[in-house]
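Data first, discussion second: the structure below is written as structure tokens.
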Amino acid sequence: LELLTDLREGMKSGQFEAYFQPRYCTKTGRIKVVEALARWHHPKRGLILPGEFIALCEKNGLINQLGSIILEDTARKATHWRRLGLDIKASVNLSPSQLNAPDFSNQLHQILKDQDCPGSSVELELTETLLMETNINVHENLAKIRSFGVQMSIDDFGTGYSNFARLSEMSIDCIKIDRSLISRLPGSEAIVELVIAMCKLMNVRIVAEGVETAKIAAKVKELGCDEVQGFYYSKPMSAADLESVLLLET
Ligand code: G
Ligand code: G
Ligand code: NA
Ligand code: MN
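Under UniProt numbering, the first residue of the sequence shown carries the number 431, and numbering increases by one thereafter.
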């Protein structure tokens, strides 16, 4: 309960920001996309991870507000990188409740405009359950967002109702194979191969997430994943640390 009071206060006083975890292209080894992950700089407790506050936000009607803070911070940082001449996209996690809000796409449009951030610099990570969503607000939002040039990926793919037909109907650009499947390689090879084959047929890019070992890194490359992400390559880091990494790459 105390944490909830702090959460409300922290959102008002700018204690939240995005950290970033790189996604690497398997062909070139270069960073193509960075995933924004919310961080809370608590005045007394220090750095707090999303595991401690995302569910609390969702339960208390605060997730849309937090989502806007992270989107705005990410768009601002993406613009900074673009001005440095760095060619990367920033990917932001969305909660289903954000897409259920009728005015979400307008808010996003305003944020991108205010931050001078082209839609093509941003990707949104949606949950697999959204593939089954029937709410008209969600579909209207997604259509508008797509018209801004923002790409969309499905996060944690393979854990819920994996529906390949809906992937193409909803013009999804990319899927991220859930780390529970990736960490079980080579045991989960059959299902991972099937997911990759279906995605290639539909022209959907494939990210392997949660890559933690050299062995798994080699395996997902061999299987044909387009991008890799995980502790083996890089942990989430501050925008300043990411900038040093990106500038060393160029
Ligand atoms: O960083 P960590 O492993 O603690 O993240 C835990 C979960 O929190 C992940 O599922 C991640 O997608 C989610 N998450 C992180 N940042 C955000 C955010 O800005 N918005 C939403 N909705 N979820 C986030
Ligand atoms: O649900 P989502 O995929 O958004 O979760 C992202 C979270 O996964 C991030 O908070 C990040 O810290 C965590 N993560 C990233 N790479 C790895 C990894 O290789 N192993 C594990 N266990 N977690 C990871
Ligand atoms: Na994610
Ligand atoms: Mn995921």
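A virtual CB, placed ideally from N, CA and C, is assigned to each residue, including glycine.
For the alpha helix (DSSP H) that residue i lies in, which residues bound it at each end?
i, result
"Leu611", "Arg609 to Ser613"
"Asn567", "Ile566 to Ser577"
"Arg438", "Glu432 to Lys442"
"Glu652", "Ala644 to Leu653"
"Leu496", "Ile493 to Arg513"
"Cys487", "Ile484 to Lys489"
Under three-state DSSP, which class holds residue i?
i, result
"Asp585", "strand"
"Val658", "strand"
"Arg453", "strand"
"Ala531", "coil"
"Val675", "helix"
"Leu479", "coil"
I want to check one thing, is the minimum distance from the CB of residue i to the heavy atoms of ligand 2 below 7 angstroms?
i, result
"Asn494", "no"
"Pro666", "yes"
"Phe661", "yes"
Mind checking whether the beta-carbon of residue i lies closer than 7 angstroms to any heavy atom of ligand 1?
i, result
"Ile478", "no"
"Ile575", "no"
"Gly481", "yes"
"Ile461", "no"
"Ile484", "yes"
"Gly497", "yes"
Nearer than 7 angstroms: is that true of the beta carbon of residue i relative to any heavy atom of ligand 4?
i, result
"Lys606", "yes"
"Glu639", "yes"
Just to check, is the beta-carbon of residue i closer than 7 angstroms to a non-hydrogen atom of ligand 3?
i, result
"Glu558", "no"
"Glu488", "no"
"Asn523", "yes"
"Glu642", "no"
"Glu553", "no"
"Glu465", "yes"
Any chance the CB of residue i is under 7 angstroms from a heavy atom of ligand 6?
i, result
"Asp586", "As far as ligands go, the structure on display features ligand 1, ligand 2, ligand 3 and ligand 4 and does not contain ligand 6."
Can you tell me where the beta strand (DSSP E) with residue i in it begins and where it stops?
i, result
"Val521", "Looking at the sequence shown, residue 521 is not Val but Ser. Taken as a continuous stretch (DSSP letters only), the beta strand (DSSP E) holding Ser521 covers Lys519 to Asn523."
"Lys462", "Ile461 to His472"
"Leu554", "Val552 to Leu556"
The region 431 to 440 / the region 640 to 659 touching (three or more Cβ pairs under 8 angstroms): no
Do the region 619 to 633 and the region 569 to 579 touch if we need at least three Cβ pairs shorter than 8 angstroms? no
Is the region 506 to 521 close to the region 472 to 480, with three or more CB pairs under 8 angstroms? no
Sequence ranges, beta strand (DSSP E) only - wholly within the region 590 to 639, length at least 3: 604 to 607 and 635 to 638
At a cut of 8 angstroms, does the region 602 to 611 reach the region 532 to 549 through at least three beta carbon pairs? no
Could you tell me whether the region 518 to 532 touches the region 444 to 462, using the rule of 3 or more Cβ pairs below 8 angstroms? yes
The region 555 to 571 touching the region 582 to 591, judged by at least three CB pairs closer than 8 angstroms: yes
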